[in-house]
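Participant: One structure follows; several queries about it will come next.
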Amino acid sequence: EAYYSYQLTDALSAQFRYTSINYDYTGSGAFFGNGGTPVSIDDVKAAGGQMAAMTVEKAQDARFYLRYRF
Numbered sequence: 264e265a266y267y268s269y270q271l272t273d274a275l276s277a278q279f280r281y282t283s284i285n286y287d288y289t290g291s292g293a294f295f296g297n298g299g300t301p302v303s304i305d306d307v308k309a310a311g312g313q314m315a316a317m318t319v320e321k322a323q324d325a326r327f328y329l330r331y332r333f
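Using our numbering, read the sequence shown as starting at 264 and increasing by one per residue.
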């Protein structure tokens, strides 16, 4: 995760944020792990099948903000 903030004026600021996540395990498919067990992504790939195609290994998020305070 990285971010950069810059104060343009007393009331106006800008910010850029970037987040990158690499997953080692699949989700449980339930709220707070209730009702499922995390499985290693390597194990899911080795087993193949439909679940392997739906498994997320990496996620990225980039955002840019302009903020005005009055």
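Quick reminder that beta carbons are idealized off the backbone N, C-alpha and C, glycines included.
Any chance you could list the alpha helix (DSSP H) runs of at least 4 consecutive residues sitting entirely within the stretch 297-329, in chain order?
Facilitator: You should have 304-310 and 313-317.
Participant: From what residue to what residue does the beta strand (DSSP E) around residue 332 run?
Facilitator: Residue 332 -> no beta strand (DSSP E), and no H or E assigned at all.
Participant: Looking at residue 302 and residue 289, is the spacing between their C-beta atoms short of 7 Å?
Facilitator: Yes, the pair counts as a contact, with Cβ atoms nearer than the cut-off.
Participant: Thinking C-alpha only, which one of 267, 329 and 323 is nearest residue 286?
Facilitator: Closest by alpha carbon: 323.
Participant: In its own chain, which residues sit with a C-beta less than 7 Å from the C-beta of residue 327, not counting the 5 before and 5 after it?
Facilitator: Closer than 7 Å at Cβ, skipping near neighbours: 279.
Participant: What does the alpha-carbon distance come out to for the pair residue 271 and residue 284?
Facilitator: Taking the straight line joining both Cα atoms gives about 30 Å.
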